[in-house]
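A.B. asks:
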Amino acid sequence: MALRSAARPAPKVMTAAEAVARFVRPGSVLGMGGQNIGRCPQALTFEIIRQRIGDLTVVGCNLSLGMDQLVGAGLVRRTASGSGNLERFGVTYCWRRGIEDGTLVHEDYSHLAMVSRFLAGEMGVPFMPTRSLLGSDMLADAPVLSWGARATGGAHDAAAAQRASPPKAVVVDNPWAPGEPVVLVPALQPDVSIVHVQRADPLGNVVIEGFATHEPEMLRASQTVIVSCEELVPTDAIRAAPERTTVPFLYVDAVVVAPFGAYPTSVYGYYDYDAAEVARYQEAARSGPAAVAAYLQEAVWDCATFDDYLARCAGPARLEALRAAMREVL
Amino acid sequence: MHEAAAQAPTPAFTRQELMVIEAARRLHDGQVVFVGTGLPLLATALAQRRHAPNIVMVIESGVIAPLVRPTPISVSDPKVMARAMRLGTLREVLGGLLQRGLIDVGFLGGAQIDRHANINSTQIGPPGALRRRLPGSGGANDMASHCRRLLVITHHEPRRFPERCDYVTSPGFLDGPGGRQRAGLPADFAVTVVTDLAVLEADPSTCTLRLTGLMPGVDVATVWAHTGFRPEVAPDLQEVAPPAADDLTVLREELDPQRVYLKADEPAAARR
Chain A
1 MALRSAARPA PKVMTAAEAV ARFVRPGSVL GMGGQNIGRC PQALTFEIIR
51 QRIGDLTVVG CNLSLGMDQL VGAGLVRRTA SGSGNLERFG VTYCWRRGIE
101 DGTLVHEDYS HLAMVSRFLA GEMGVPFMPT RSLLGSDMLA DAPVLSWGAR
151 ATGGAHDAAA AQRASPPKAV VVDNPWAPGE PVVLVPALQP DVSIVHVQRA
201 DPLGNVVIEG FATHEPEMLR ASQTVIVSCE ELVPTDAIRA APERTTVPFL
251 YVDAVVVAPF GAYPTSVYGY YDYDAAEVAR YQEAARSGPA AVAAYLQEAV
301 WDCATFDDYL ARCAGPARLE ALRAAMREVL
Chain B
1001 MHEAAAQAPT PAFTRQELMV IEAARRLHDG QVVFVGTGLP LLATALAQRR
1051 HAPNIVMVIE SGVIAPLVRP TPISVSDPKV MARAMRLGTL REVLGGLLQR
1101 GLIDVGFLGG AQIDRHANIN STQIGPPGAL RRRLPGSGGA NDMASHCRRL
1151 LVITHHEPRR FPERCDYVTS PGFLDGPGGR QRAGLPADFA VTVVTDLAVL
1201 EADPSTCTLR LTGLMPGVDV ATVWAHTGFR PEVAPDLQEV APPAADDLTV
1251 LREELDPQRV YLKADEPAAA RR
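Heads up: the sequence lines are chains A and B, in that order. Going letter by letter, the first sequence gives residues 1 to 330 in my numbering. Going letter by letter, the second sequence gives residues 1001 to 1272 in my numbering.
1) Does the segment 317 to 324 of chain A come within contact of the segment 1203 to 1223 of chain B, defined as at least 3 CB pairs closer than 8 Å?
2) What are the start and end residues of the alpha helix (DSSP H) that includes S1145(B)?
3) Apply the 10 Å Cβ neighbour rule to W95(A) and answer buried if 16 or more other Cβ atoms are within range, or exposed otherwise.
4) Please look up how many angstroms separate the CB atoms of T130(A) and Q1099(B), rounded, as I've assumed it's under 8 Å.
5) Closer than 7 Å by C-beta to I1073(B): which residues in its own chain qualify, once you throw out the five before and the five after it? Chain order, please.
6) Which residues in chain A sit within 7 Å of L1090(B), going by Cβ to Cβ distance?
7) Do the segment 1041 to 1050 of chain B and the segment 1237 to 1253 of chain B make contact, defined as three or more Cβ pairs closer than 8 Å?
8) Under a three-way DSSP split, which group does T1249(B) fall into?
9) From the beta carbon of E100(A), is the nearest beta carbon of chain B less than 9 Å away?
10) Excluding the 5 residues preceding and the 5 following A212(A) in the sequence, name in chain order all residues of the same chain whose CB lies nearer than 7 Å to its CB.
11) In terms of residues, what are the limits of the beta strand (DSSP E) holding H106(A)?
12) For C313(A), report the span of its alpha helix (DSSP H) as first-last.
13) Can you grab the Cα-Cα spacing for the pair T92(A) / D1236(B), in whole Å?
14) Can you tell me the Cα-Cα spacing of T79(A) and S136(A), whole angstroms?
15) Mind checking who L232(A) pairs with in its DSSP beta bridge?
16) Drop a sphere of 10 angstroms on the beta-carbon of G1125(B), count the other beta-carbons inside from all chains shown, and report buried for 16 or more, exposed for fewer.
17) Which of helix, strand or coil does DSSP assign to M1081(B)?
18) What does A85(A) pair with, by DSSP beta-bridge criteria?
19) Whose C-alpha, out of M123(A), D108(A) and N36(A), is nearest the C-alpha of Y1167(B)?
20) With the cut-off set at 9 Å, would you say L188(A) and M114(A) are in Cβ contact?
21) The beta strand (DSSP E) with V1273(B) in it runs from where to where?
22) Using CA coordinates, which residue listed in A221(A), V206(A) and S266(A) is at the minimum distance from P126(A)?
23) Beta-carbon separation of G1110(B) and H1155(B) under 9 Å?
24) DSSP state of M128(A), grouped into three classes?
25) Within a Cβ cutoff of 8 Å, which residues of the same chain sit near T182(A), ignoring the five residues on either side of it in sequence?
26) Tell me whether the beta-carbon of V1194(B) lies closer than 9 Å to the beta-carbon of V1220(B).
27) Would the beta-carbon of P11(A) fall within 9 Å of that of D55(A)?
28) So, does the CB of R150(A) fall closer than 9 Å to a CB anywhere in chain B?
29) Please list the residues of the segment 29 to 44 of chain A that have a C-beta atom closer than 7 Å to any C-beta atom in chain B, keeping them in chain order.
30) Mind pulling the chain A residues with CB within less than 8 Å of G1139(B)?
31) Mapping the DSSP letters down to three states, classify P186(A) as helix, strand or coil.
32) Would the segment 257 to 266 of chain A count as touching the segment 223 to 232 of chain A if we require 3 or more Cβ pairs under 8 Å?
33) With DSSP as the reference, please indicate the residues paired to V172(A) in a beta bridge.
34) On a CA-only basis, which of E47(A), D141(A), H106(A) and R39(A) is nearest S1076(B)? Give me that one, please.
35) Answer yes or no: the CB of A1082(B) versus the heavy atoms of the ligand SAH, is any distance below 8 Å?
36) Do you know offhand how far R286(A)'s Cα is from I49(A)'s?
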């Protein structure tokens, strides 16, 4: 936390409130970092909720706590992911309710299919092939295009139809092995992605430690990227060990210094997850919209900043215990 | 045979404990295992500490070859990253190892699985008539699509074993013999399901799950009563061997001392 005062003024370093106001717009396609109870970008998610920026499409591989809170705040119209859950802590209840009552539209992919979509976005190509999804009901509505159909002109009509209502995947013949189907999934370039990482410098060079899930592909695919970090480090530290840079500054638009910015999820090397606080939210989410609204009122809308939430709902002793728990694991 | 087995062996154990131990026995030293969250993490950690010290665990968040610390509750729990050989990305493990064909066994938990070993983790109710939304595929579809061997561990209740899944999230044998080839999936595929009542394995000729093992004290009629379809019984039906005392000790005292997983009546929602 001492590093915050050491932060030099730089164009990309800003508060969560500034970064979110500047880069997250109503209707944005929002890429979510983190997975389950690991490194979820909670400080940035809470700021989106605080500013009530809605009509979002939330995308990622596993969507968990932050996505469910955005849904619970009424800010999400669509999701696309490989899963929505918190494993031992149960399902993402607001998300489940939204899908079941029809207020939320969800597109199902596998985790590999989603990261393949981000990879296509990162590479600047329109789609990526995969051999996942074949035979599953995730492909139930996917058009099957064969080269034969293209030759007869049938595919032209199919292509026109697809532009009107883009399919979530297409099955084609492998051109080098006719008769062997392969699934094409469309490139995904989020309007803005949010991620919480261990370290960044004022230019936006990002160092992710521990597992990185889908984040490297997603960040490089995104139109804009907001990074929150445990520690702001000088650019000299990046230059001293450039092989550790997970994503270079070229992709990053905003750097928010937010110690404990993933709380109550864990940050590898820094702190463990807080099971009690995850369970407290899950209890609210499970019981229904009124309890979720009360939780968000206390944790977000009654707090001016994420630090206020940490002081109110966690406190220094608990945060220090989570640091000690991480040291114990490693 | 079953009456004799009903006498409690020593040491005493629960069927859930034996389920984990039996699943661990199905993993062999040196195998590269893609491990799903929940009971698979526990069973693979047991195998690693007992008979398969050189097992290579791969976890979808990007973890390769960890020495898992007790008791991990998630694929993103820092405890699954302990002393790994690499902490990488989802793409490199789901793409570069799994889809690439470098995984020996995929190990899944907590699923609904049908007669043809198709798995549903997406929804109850057919497409267009949703009754209950479930978490979705995660990496399960990728595992079922690309692993030559799939190991599934799940509690045995009728709703988890329907005749036909409402929604096929992860392909087993689809509609039966030739189903995988018709869909463009590798035909070379084997499935073993370990439950708290029995062991079921896919019959290569019919591509249906059949009963190949019974937990001590359980008879065929009990398994049928808890299965939404009627699995055939293999001619060489075996009784699952009771646990070795050391297996129980490691499981109870080292791997799950807080009883995070090993509960007598675990709520279904918590397993997902």
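Even for Gly, the Cβ is constructed at its ideal location relative to N, Cα and C.
C.D. replies: On the basis of the supplied data:
1) no
2) Here residue 1145(B) corresponds to residue number 145 of the second sequence, with the count starting at 1. Taken as a continuous stretch (DSSP letters only), the alpha helix (DSSP H) holding S1145(B) covers A1140 to H1146.
3) Here residue 95(A) refers to the residue found at position 95 when the first sequence is read from its first residue. Buried.
4) Here residue 130(A) refers to the residue found at position 130 of the first sequence. Here residue 1099(B) refers to the residue found at position 99 of the second sequence. Sure, about 7 Å apart at Cβ, within 8 Å.
5) Numbered from 1 along the second sequence, position 73 holds the residue referred to as residue 1073(B). Excluding sequence neighbours, I1073(B) sits near V1260.
6) Within the second sequence, the letter at position 90 stands for residue 1090(B). The answer, in chain order, is C61, H111, V115, T213 and H214.
7) yes
8) As a working note, residue 1249(B) is residue 249 in the second sequence. If DSSP states are grouped into helix, strand and coil, T1249(B) belongs with the helices.
9) Sequence index remark: in the first sequence, residue 100(A) carries index 100 (1-based). Yes, its Cβ sits closer than 9 Å to a Cβ of chain B.
10) Position 212 of the first sequence, counting from 1, holds the residue named residue 212(A). The answer, listed in chain order, is T246.
11) For the purposes of this step, residue 106(A) is taken as residue 106 along the first sequence, with counting starting at 1. H106(A) -> beta strand (DSSP E) spans V105 to D108.
12) The count along the first sequence starts at 1 and reaches residue 313(A) at position 313. Taken as a continuous stretch (DSSP letters only), the alpha helix (DSSP H) holding C313(A) covers F306 to C313.
13) Taking the first residue of the first sequence as 1, we reach residue 92(A) at position 92. Taking the first residue of the second sequence as 1, we reach residue 1236(B) at position 236. If you take the alpha carbons of T92(A) and D1236(B), they lie about 43 Å apart.
14) Locating residue 79(A) in the first sequence gives position 79, where the first residue counts as 1. Locating residue 136(A) in the first sequence gives position 136, where the first residue counts as 1. Going by the C-alpha atoms only, they are around 20 Å apart.
15) As a position in the first sequence, residue 232(A) is number 232, starting the count at 1. For L232(A), which the question treats as bridged, DSSP gives the partners A200(A).
16) Taking the second sequence and counting its residues from 1, the one referred to as residue 1125(B) is at position 125. G1125(B) should be labelled exposed.
17) Stepping through the second sequence from its first residue, residue 1081(B) is reached at position 81. Correct three-state label for M1081(B): helix.
18) Along the first sequence, one-based indexing puts residue 85(A) at 85. The question names Ala, but residue 85(A) is Asn in the sequence shown. V91(A), per the DSSP bridge assignment.
19) Taking the second sequence and counting its residues from 1, one reaches residue 1167(B) at position 167. Checking every option, the nearest Cα to that of Y1167(B) belongs to D108(A).
20) As a first step, residue 188(A) is located in the first sequence; it is residue number 188 there, counting from the start. As a first step, residue 114(A) is located in the first sequence; it is residue number 114 there, counting from the start. Yes, they are a contact pair.
21) Because residue 1273(B) is not part of the residues shown, which for chain B are 1001 to 1272, the question remains open.
22) By one-based count along the first sequence, residue 126(A) stands at place 126. Closest by alpha carbon: A221(A).
23) In the second sequence, residue 1110(B) corresponds to position 110, counting from 1. In the second sequence, residue 1155(B) corresponds to position 155, counting from 1. Cβ distance < 9 Å, so G1110(B) and H1155(B) count as in contact.
24) Position 128 of the first sequence, counting from 1, holds the residue named residue 128(A). Strand, per DSSP.
25) Counting from 1 along the first sequence, the entry for residue 182(A) is found at position 182. A small fix is needed here, since residue 182(A) is Val in this sequence, not Thr. Contacts found: P129, T130, R131, V171, V172, D173 and N174.
26) The residue given as residue 1194(B) occupies position 194 in the second sequence. The residue given as residue 1220(B) occupies position 220 in the second sequence. No, they are not a contact pair.
27) If you number the first sequence from 1, residue 11(A) lands on position 11. If you number the first sequence from 1, residue 55(A) lands on position 55. Going by C-beta atoms, P11(A) is not nearer than 9 Å to D55(A).
28) Sequence index remark: in the first sequence, residue 150(A) carries index 150 (1-based). The pLDDT assigned to R150(A) is 40, lower than 50, so where the model puts this residue is not dependable, and the model offers no usable value.
29) Q35, N36, I37 and G38
30) One-based indexing of the second sequence puts residue 1139(B) at position 139. Within chain A, the residues near G1139(B) are G82, S110, H111 and L112.
31) To locate residue 186(A), count along the first sequence from 1; it is residue 186. Of the three classes helix, strand and coil, the one that applies to P186(A) here is strand, per DSSP.
32) yes
33) Translated into the one-based positions of the first sequence, residue 172(A) becomes position 172. DSSP, once it has assigned bridges, lists L145(A) and V182(A) as partnering V172(A).
34) Position 76 of the second sequence, counted from the first residue, corresponds to residue 1076(B). With distances taken between Cα atoms, S1076(B) lies closest to R39(A).
35) Although the ligand SAH was asked about, the structure shown includes no ligands whatsoever.
36) Position 286 of the first sequence, counted from the start, is the residue given in the question as residue 286(A). Position 49 of the first sequence, counted from the start, is the residue given in the question as residue 49(A). For R286(A) and I49(A), the distance between alpha carbons rounds to 19 Å.
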